Amino acid sequence: HAALDGYKPKILCRVLVSPTMKLSCLAYMLMTLYEMEGSHLFNFYSHDNDEYYALKNGDFAVELDDKDIKNATSTPLKKVLLYKGQKIIFTYDFGYSWEIIIALEEIITDSDIPVKKLPCVLKGKGYGINEDCGGIPGLERIAQAFTKKEGKEYEQFCEWLGTNELDLMCIFLL
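Residues in the sequence shown are numbered consecutively from 887, following our numbering.
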């Protein structure tokens, strides 16, 4: 279960993944599901073991100061998410700090879905984010403007996003 933190109504998705999936792959999957462009830094944080996971090259690790950073490219989910109910935080774009709370809902040992078909989105709710809109407050402004469907801010958002219809509450089932 993955949900954007701090925004209401909730933007979330439920995904079935392999326990061997690397955290870096999970990051790119989340970026796709949440309409992120992938042009910003990101990391994962586990409260349980007080550890950060990030890409270990370039400037990705620099943002985390001197903390001991684990390599997200070589760390499988099964080494971080160990028990039902456990949570980790995926942070994207350290300027706006989009945070997605990932919770392990269930460990399935027998599934009808072949491993090669994973990851598999089970259900979701919400549109995603709009990159560089100003974080949660910016997303709230966009939602309000598109709800009103009038005014200078609405016109600016329509031009920026290239649409005059934006439903931030779509629901998808796969």
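Backbone N, C-alpha and C define an ideal beta-carbon position, used for all residues, glycine too. Treat the numbers as computed from the prediction; the structure is a model and nothing was measured.
Under the DSSP assignment, alanine 889 falls in the beta strand (DSSP E) whose first and last residues are 888-890. One alpha carbon belongs to glutamate 937, the other to proline 895, and they sit about 30 Å apart. Distance from the CA atom of glutamate 921 to the CA atom of threonine 995, rounded to whole angstroms, is 30 Å. Counting only the Cα atoms, cysteine 1044 lies some 8 Å from phenylalanine 1032. The criterion of a C-beta distance shorter than 8 Å is satisfied by leucine 916 and phenylalanine 976. When DSSP states are grouped into helix, strand and coil, cysteine 899 belongs to the strand group. Here the alpha carbon of glutamine 1042 sits roughly 13 Å from the alpha carbon of glutamate 1051. Fewer than three beta-carbon pairs drawn from the segment 959-967 and the segment 1008-1020 are found closer than 8 Å, and the two stretches are therefore not classed as touching. If you draw a straight line from the Cα of glutamine 972 to the Cα of cysteine 911, it comes to about 19 Å.
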